[in-house]
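**Q** The following block contains the structure, expressed as structure tokens.
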Amino acid sequence: MTDALVVSGLTKTYRGAGRGPRVVAVDGISFTLAAGGSLGVVGESGSGKTTLAQMIVGLAEPDSGTVVIDGRDRRDLRRGRRARLQRATEAQMVFQDPYGSLDRRLDVAGALADTLRRHGTPKDRIARDVAALMDRVGLASRLANSRPHELSGGQRQRVAIAKALAIDPTVLVLDEAVSALDVSVQAQILTLLDEIRAESGVALVFVSHDLAVVGQVTDQILVMYRGRAVETGDTDQVLRRPEHPYTEMLLSSAPGPRWQPERVAELRAALAAAT
Amino acid sequence: MTQNSAAAPAVRPLTGRTGRRRHNAWTVRLCAAILVLVVAVAVLAPWITPYDPYLADFGSLWLPPSPDHWLGTDQLGRDMLSRLIAGARQTMLGAIALLALATVVGVTVGITAAWQRGWVDAVLGRVTDVMFAFPGLLFVILVIAVFDSGTGTAVVGMALAYAPAIARFTRAVALDELARPYIASYRLQGAGGLVICVRYLLPNMVSTLLGYLVVLFGEGLMSLAALNFIGFGAQPPSADWGLMVAEARNGVIQGYLGPALVPGLTIAVVVVATNVVGLHLSDKLAVRK
Ligand SMILES: Nc1ncnc2c1ncn2[C@@H]1O[C@H](COP(=O)(O)OP(=O)(O)OP(=O)(O)O)[C@@H](O)[C@H]1O
Ligand SMILES: [Mg+2]
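Note that the protein sequences, when read in sequence, are chains A and B. If you count the first sequence from 1, position 195 lands on 194 in numbering that gives the first Met the number 0, and the numbers rise without skipping. If you count the second sequence from 1, position 106 lands on 105 in numbering that gives the first Met the number 0, and the numbers rise without skipping.
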């Protein structure tokens with residue numbers, strides 16, 4: 000069986016602002032993800048998570064390295080409608096900002112129908128599929144004619160997830176998809192994602208700065224620090240026995256039972272000395 | 000005294016739009032009513048002129064207002080009210096054609112530049128800058144010198160003179176809009192560039208563009224009138240307002256103010272009204288966003 004997603008040696012450098020130094024946003028990241036698997040990407044702000052996510056789905060061009068989905072290289076030079084639609088079925092993304100990621104002119108049913116139509120669902124099946132999608136992501140049918148500004152943040156993210164599911168992608172990348180939501184809504188969305196993964200076999204790449212959240216939905220974790228992968232492994236193992244001081248720092252930074260401000264400061268100093 | 004000032008709210012609500020309101024509601028309503036009236040008159044012009052606006056009557060030159068001729072007659076004895084009504088149609092049609100053409104060109108260029116970025120954006124931006132720096136009226140006069148005077152040339156020339164401003168504004172709005180994740184999401188879905196720009200981007204920009212275009216409509220109307228006044232646009236016996244002012248100039252020296260003043264004032268009123276309504280629209284739509 001081929002892996003759903005194979006990322007090897009992905010690197011991207013941004014020219015610094017003005018005369019500023021160049022920023023190596025992502026530096027030689029590699030990993031593989033099986034169909035139906037889930038990978039959490041964690042790291043503090045600026046560690047390159049969004050850049051990695053964008054390269055996986057094709058919103059950013061890597062300087063070097065490859066992304067292979069279902070055995071097909073994403074750096075595919077074919078143009079035209081068919082190639083675009085084909086690439087769309089490989090990877091979809093849910094964005095952090097639940098306000099900006101939906102077209103404010105389209106209501107829920109309209110946005111879903113638009114997506115289905117683009118991907119060739121016949122006319123007479125659209126209404127039925129829209130209803131099924133809404134049901135699947137837990138959106139009440141009375142919301143069908145609500146536009147984004149009439150929805151809560153959690154509802155909007157459900158719409159965004161439903162839009163991605165309409166395309167039935169191999170890989171679904173979620174960039175801080177629950178960060179803007181409050182804790183109880185976060186939990187609901189995470190449960191939904193788990194269900195969807197079990198049902199559809201979609202491979203999830205779940206990007207977050209929050210280790211606790213990542214722990215809930217993923218089997219594997221990749222810890223990023225300044226563009227590099229400093230630790231990878233099974234989620235349980237990484238969370239219980241972090242090997243890299245940075246991971247340990249992330250773990251002890253989170254306010255909660257394991258919060259140790261002194262330890263964080265200590266680790267941060269050690270980390271700064273090491274790099 | 001001190002107590003009073005302490006009781007005043009120290010923090011103004013952030014959502015307050017006090018700083019944005021430029022006109023009170025009645026001014027806006029009055030101006031909107033004026034525009035509606037002018038448009039209605041322009042549409043109904045062929046049926047509501049009391050006299051033939053082009054029929055000279057040398058027995059009744061420069062007549063003052065009377066029950067027969069509410070606004071008097073001009074230097075050829077033509078009924079001023081009829082000419083004003085017929086002129087409304089021509090003047091509005093000219094300004095609408097000008098704005099429509101300028102908008103099609105400007106919006107196309109602006110969106111293309113914002114979508115393509117890179118060298119396309121650089122080239123279009125350079126061309127726009129050069130045209131922008133060139134005085135509009137001068138540009139039109141050049142166009143007319145090369146081609147021919149007449150309403151068509153004046154409208155096309157003016158439209159090209161206005162297009163760069165629209166292109167610039169559109170590009171800025173489009174860049175802002177294209178940066179939003181919903182556009183990225185359409186790209187990921189496999190929608191093509193043309194579809195994204197025309198079906199999704201453009202409708203989402205309309206409300207922002209609208210107020211700006213209404214203001215430009217007033218400006219365009221005034222520029223066309225100026226062009227007609229100096230004789231580069233509409234030609235006699237057209238009842239275009241700018242041309243009416245020009246043709247009645249001689250009367251001013253002889254003491255007959257009406258025939259020049261009436262169309263002149265009408266132009267001023269319509270331009271001010273479109274400005275007020277346009278700015279109000281921009282403010283309101285900006286607040287809603
Ligand atoms: N378009 C860009 N142009 C220039 N530099 C960029 C650009 N996008 C990201 N960067 C830089 O690349 C680095 C990684 O940014 P990235 O957005 O990937 O981090 P992140 O881990 O997603 O952070 P956050 O948790 O805050 O979202 C940062 O130093 C950032 O300043
Ligand atoms: Mg990010």
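We put the beta carbon where it would ideally sit given N, CA and C, even for glycine. Please read these numbers as outputs of a predicted model, since none were measured by experiment.
The beta strand (DSSP E) spanning GLN91 (chain A) covers which residue range?
**A** Start and end: 90-93.
**Q** Kindly indicate which three-state DSSP category LEU9 (chain A) falls into: helix, strand or coil?
**A** If DSSP states are grouped into helix, strand and coil, LEU9 (chain A) belongs with the strands.
**Q** Mapping DSSP to helix, strand and coil, what is ALA24 (chain A)?
**A** In the structure shown, ALA24 (chain A) sits in a strand (DSSP, three-state: E or B).
**Q** If you measure beta-carbon to beta-carbon, which residues of the segment 186-201 of chain B are closer than 8 Å to chain A?
**A** Listed in sequence order: ARG186, LEU187, GLN188, GLY189, ALA190, GLY191 and TYR199.
**Q** On the CB-based measure, 16 or more other CB atoms within 10 Å of its CB, does GLU149 (chain A) come out buried or exposed?
**A** Per the 10 Å Cβ criterion, exposed.
**Q** Tell me whether ASP181 (chain A) sits in a helix, a strand or coil according to DSSP, three-state version.
**A** Coil, per DSSP.
**Q** Looking at the C-beta of ALA275 (chain A), does it have a partner C-beta in chain B at a distance below 8 Å?
**A** This structure cannot settle anything about residue 275 (chain A), because the visible part of chain A is limited to 0 through 274.
**Q** Round the Cβ separation of ALA31 (chain B) and ALA238 (chain B) to the nearest angstrom and send it over; I've been treating them as touching at under 8 Å.
**A** 25 Å between Cβ atoms; not a contact.
**Q** Is DSSP giving ILE229 (chain B) helix, strand or coil here?
**A** Coil.
**Q** Closer than 7 Å by C-beta to THR50 (chain A): which residues in its own chain qualify, once you throw out the five before and the five after it? Chain order, please.
**A** Excluding positions up to five away in sequence, the list reads LYS11, ALA24, VAL25 and ALA59.
**Q** Cβ atoms of ALA272 (chain B) and ILE33 (chain B): under 8 Å apart, would you say?
**A** Closer than 8 Å, so yes.
**Q** Can you check DSSP and say which residues form a bridge with ALA228 (chain A)?
**A** DSSP output for ALA228 (chain A) lists A:MET223 as bridge partner(s).
**Q** Nearest chain A C-beta to SER65 (chain B) closer than 8 Å, yes or no?
**A** Taking Cβ atoms only, chain A never reaches closer than 8 Å to SER65 (chain B), which makes this a no.
**Q** Based on Cα-Cα distance, which residue from A:ALA272, A:GLU198, A:LEU132 and A:THR234 lies nearest to VAL212 (chain A)?
**A** Nearest option by C-alpha distance: A:THR234.
**Q** Taking one C-beta from the segment 82-97 of chain A and one from the segment 123-143 of chain A each time, how about it: are there three or more such pairs within less than 8 Å?
**A** Flag = no, the segment 82-97 of chain A and the segment 123-143 of chain A do not touch.
**Q** Which chain A residues are close to TYR181 (chain B), counting only those with a beta carbon under 7 Å from its beta carbon?
**A** The answer, in chain order, is GLY99, SER100, LEU101 and ASP102.
**Q** Between LYS48 (chain A) and ligand 1, is the CB less than 7 Å from at least one heavy atom?
**A** Within the cutoff, so yes.
**Q** Nearest to ASP106 (chain A) by alpha carbon, out of A:HIS118, A:GLN154, A:VAL56 and A:GLY79?
**A** That would be A:GLN154, whose Cα lies nearest to the Cα of ASP106 (chain A).
**Q** With a threshold of 7 Å, establish whether the CB of SER44 (chain A) neighbours any heavy atom of ligand 3.
**A** In the structure shown, ligand 3 is absent; the only ligands present are ligand 1 and ligand 2.
**Q** Can you tell me whether THR1 (chain A) is helix, strand or coil according to DSSP?
**A** In this structure, THR1 (chain A) counts as coil in the three-state DSSP scheme.
**Q** In three-state DSSP terms, what is PHE146 (chain B)?
**A** Correct three-state label for PHE146 (chain B): coil.
**Q** Nearest by alpha-carbon distance to HIS118 (chain A): which of A:LEU250, A:ASP102, A:ALA163 and A:ASP2 is it?
**A** Here the closest residue by C-alpha is A:ALA163.
**Q** Return the chain-ordered list of same chain residues with a C-beta closer than 8 Å to the C-beta of LEU177 (chain B), the five sequence neighbours on each side being excluded.
**A** Counting only Cβ-Cβ distances below 8 Å, and skipping sequence neighbours, we find ALA113, TRP114 and LEU200.
**Q** So that I know if they touch, is there some Cβ in chain A lying closer than 8 Å to that of SER184 (chain B)?
**A** Yes, its Cβ sits closer than 8 Å to a Cβ of chain A.
**Q** Would you say ILE166 (chain A) faces chain B, with C-beta separation under 8 Å as the test?
**A** For ILE166 (chain A), the answer is yes, since a Cβ of chain B falls inside 8 Å of its Cβ.
**Q** Among the candidates B:LEU43, B:LEU223, B:ILE195 and B:ASN203, whose CA atom is the shortest distance from the CA of VAL154 (chain B)?
**A** It is B:LEU223 whose Cα lies nearest to the Cα of VAL154 (chain B).
**Q** Against chain A, which members of the segment 241-267 of chain B pass a CB distance test of less than 7 Å?
**A** Going along the segment 241-267 of chain B in chain order, one finds no residue with a Cβ nearer than 7 Å to chain A.
**Q** Roughly how far, in whole angstroms, is the beta-carbon of LEU238 (chain A) from the beta-carbon of LEU210 (chain A), given that I think they are within contact range, below 8 Å?
**A** With a Cβ gap of about 7 Å, LEU238 (chain A) and LEU210 (chain A) count as contacting.
**Q** In chain B, what lies closer than 7 Å to THR114 (chain A) by C-beta?
**A** Near THR114 (chain A) (Cβ distances below 7 Å), the residues of chain B are GLN188.
**Q** For the candidate residues A:GLU43, A:SER44 and A:VAL67, whose alpha-carbon lies nearest to that of MET54 (chain A)?
**A** Among A:GLU43, A:SER44 and A:VAL67, the Cα nearest to that of MET54 (chain A) is on A:VAL67.
**Q** From the beta carbon of ALA87 (chain A), is the nearest beta carbon of chain B less than 8 Å away?
**A** For ALA87 (chain A), the answer is yes, since a Cβ of chain B falls inside 8 Å of its Cβ.
**Q** From B:GLN253, B:LEU220, B:ALA247 and B:GLY230, pick the residue whose C-alpha is nearest to that of ALA267 (chain B); which is it?
**A** Answer by Cα proximity: B:LEU220.
**Q** Who are ASP174 (chain A)'s beta bridge partners in DSSP?
**A** Its beta-bridge partners are A:VAL206.
**Q** Is the segment 204-213 of chain B touching the segment 139-157 of chain B, taking contact as three or more C-beta pairs under 8 Å?
**A** Touching, no, given that fewer than three Cβ pairs across the two stretches are closer than 8 Å.
**Q** Does the segment 272-283 of chain B come into contact with the segment 115-123 of chain B, if we say contact requires no fewer than three beta-carbon pairs (one atom in each stretch) closer than 8 Å?
**A** Because the criterion of three Cβ pairs below 8 Å is not met, the segment 272-283 of chain B and the segment 115-123 of chain B do not touch.
**Q** For VAL67 (chain A), which three-state DSSP category applies?
**A** Three-state DSSP puts VAL67 (chain A) in a strand.
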